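The listed protein sequences derive, respectively, from chains A and E. Sequential numbering of the first sequence, starting at 4, is according to our numbering. Sequential numbering of the second sequence, starting at 50, is according to our numbering. The beta-carbon is built from N, C-alpha and C at its ideal position, and this holds for glycine as well. These figures come from a predicted structure and were not determined experimentally.
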Amino acid sequence: GAVVSQHPSWVICKSGTSVKIECRSLDFQATTMFWYRQFPKQSLMLMATSNEGSKATYEQGVEKDKFLINHASLTLSTLTVTSAHPEDSSFYICSALNRVPGELFFGEGSRLTVL
Amino acid sequence: QKEVEQNSGPLSVPEGAIASLNCTYSDRGSQSFFWYRQYSGKSPELIMSIYSNGDKEDGRFTAQLNKASQYVSLLIRDSQPSDSATYLCAVNFRRGNKLVFGAGTILRVKS
Numbered sequence: 004g005a006v007v008s009q010h011p012s013w014v015i016c017k018s019g020t021s022v023k024i025e026c027r028s029l030d031f032q033a034t035t036m037f038w039y040r041q042f043p044k045q046s047l048m049l050m051a052t053s054n055e056g057s058k059a060t061y062e063q064g065v066e067k068d069k070f071l072i073n074h075a076s077l078t079l080s081t082l083t084v085t086s087a088h089p090e091d092s093s094f095y096i097c098s099a100l101n102r103v104p105g106e107l108f109f110g111e112g113s114r115l116t117v118l
Numbered sequence: 050q051k052e053v054e055q056n057s058g059p060l061s062v063p064e065g066a067i068a069s070l071n072c073t074y075s076d077r078g079s080q081s082f083f084w085y086r087q088y089s090g091k092s093p094e095l096i097m098s099i100y101s102n103g104d105k106e107d108g109r110f111t112a113q114l115n116k117a118s119q120y121v122s123l124l125i126r127d128s129q130p131s132d133s134a135t136y137l138c139a140v141n142f143r144r145g146n147k148l149v150f151g152a153g154t155i156l157r158v159k160s
């Protein structure tokens with residue numbers, strides 16, 4: 004299947020700092036990428052839809068000023084968790100939509116721990 | 050009604066048996082359906098996609114789709130302990146053009 008790379012795979016930071024997570028589609032151009040969050044033993048929760056060259060669309064309840072998304076190229080989207088707090092600790096997963104044949108591929112995930 | 054519904058399980062099957070995972074969805078206009086496997090602590094991995102009514106086979110996996118009943122299933126033949134994971138059903142909803150995931154079914158294959 005197609006390859007989506009996510010970096011870093013894990014990060015530990017202090018409360019109040021910002022953390023940037025990168026998501027790259029390695030072998031196809033992705034005009035649309037998605038960011039999910041998953042807490043332990045819970046299902047995936049869609050946070051936002053990232054469209055290349057335009058503003059991200061956030062799901063209800065997700066603070067756009069806290070979770071900054073940038074999709075500056077067809078192969079790269081970034082998620083920045085600003086002023087992170089311990090409750091932001093979670094598994095963040097990106098995915099990229101390969102329009103032909105319309106399949107969604109996930110990155111490896113980034114485990115964020117905020118102390 | 051949840052948009053995409055799955056039995057949370059756990060579904061326990063003995064090694065070598067057939068595991069049957071089911072999913073129903075609410076958007077009658079949906080055209081694309083996917084099964085993902087997620088191991089604990091890892092991100093989801095695409096196993097199968099299906100777009101037409103009927104069966105689609107890939108190795109030990111068979112996806113079945115019945116759009117009239119708004120039902121999609123995944124059969125795993127000759128189940129192995131390495132198949133133990135959470136299986137996520139995903140449906141591309143025409144409304145909003147977004148992929149909606151079920152909560153997942155935990156499968157345990159016992160040797």
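Review point. If we count the other Cβ atoms within 10 Å of its Cβ and call it buried at 16 or more, is Tyr39 (chain A) buried or exposed?
Key: Reading the first sequence from its first residue, position 36 is the one you call residue 39 (chain A). Answer is buried; the Cβ neighbour count reaches 16.
Review point. Using 8 Å as the threshold, is the stretch 56-72 of chain E in touch with the stretch 78-87 of chain A, meaning 3 or more CB pairs across them?
Key: no
Check your understanding: Taking the alpha carbon of Leu95 (chain E) as the point to measure from, which residue in A:Glu111, A:Leu107 and A:Asp30 has its own alpha carbon closest?
Key -> Position 46 of the second sequence, counted from the start, is the residue given in the question as residue 95 (chain E). Among A:Glu111, A:Leu107 and A:Asp30, the Cα nearest to that of Leu95 (chain E) is on A:Leu107.
Point to revise | 8 Å Cβ cutoff met for Ser46 (chain A) and Gly110 (chain A) | key: Here residue 46 (chain A) corresponds to residue number 43 of the first sequence, with the count starting at 1. Here residue 110 (chain A) corresponds to residue number 107 of the first sequence, with the count starting at 1. No. Outside cutoff.
Check your understanding: So Leu137 (chain E) and Tyr85 (chain E) are in contact, right, with Cβ under 8 Å, and what is the actual spacing, rounded?
Key -> Here residue 137 (chain E) corresponds to residue number 88 of the second sequence, with the count starting at 1. Here residue 85 (chain E) corresponds to residue number 36 of the second sequence, with the count starting at 1. Indeed they touch by this definition, with Cβ atoms about 4 Å apart.
Practice item. Using DSSP bridges, identify the partner residues of Met48 (chain A). Key: By 1-based counting over the first sequence, the position of residue 48 (chain A) is 45. Per DSSP, A:Arg40.
Practice item. For the stretch 68-120 of chain E, list the alpha helix (DSSP H) runs that are entirely contained and at least 4 residues long, ordered along the chain. Key: Runs found: none.
Practice item. For Leu107 (chain A), go through chain E and note every residue whose CB falls closer than 8 Å to its CB, in chain order. Key: Mapped onto the first sequence, residue 107 (chain A) falls at position 104. Phe83, Leu95, Ala139 and Leu148, listed in chain order.
Review point. Does any CB atom of chain A fall closer than 8 Å to the CB of Ala45 (chain E)?
Key: There is no way to answer for residue 45 (chain E), as the model of chain E reaches only from 50 to 160.
Point to revise | Strand pairing of Ser28 (chain A), partner residues [DSSP] | key: Residue 28 (chain A) sits at position 25 when you count from the first residue of the first sequence. In DSSP, Ser28 (chain A) forms a bridge with A:Val7.
Practice item. Quickly, what does DSSP pair Leu60 (chain E) with across the bridge? List them, please. Key: Indexing the second sequence from 1 puts residue 60 (chain E) at position 11. Bridge partners of Leu60 (chain E): E:Leu156.
Check your understanding: Can you tell me where the beta strand (DSSP E) with Leu71 (chain A) in it begins and where it stops?
Key -> Residue 71 (chain A) sits at position 68 when you count from the first residue of the first sequence. Per DSSP, Leu71 (chain A) belongs to the beta strand (DSSP E) from Phe70 to Ser76.
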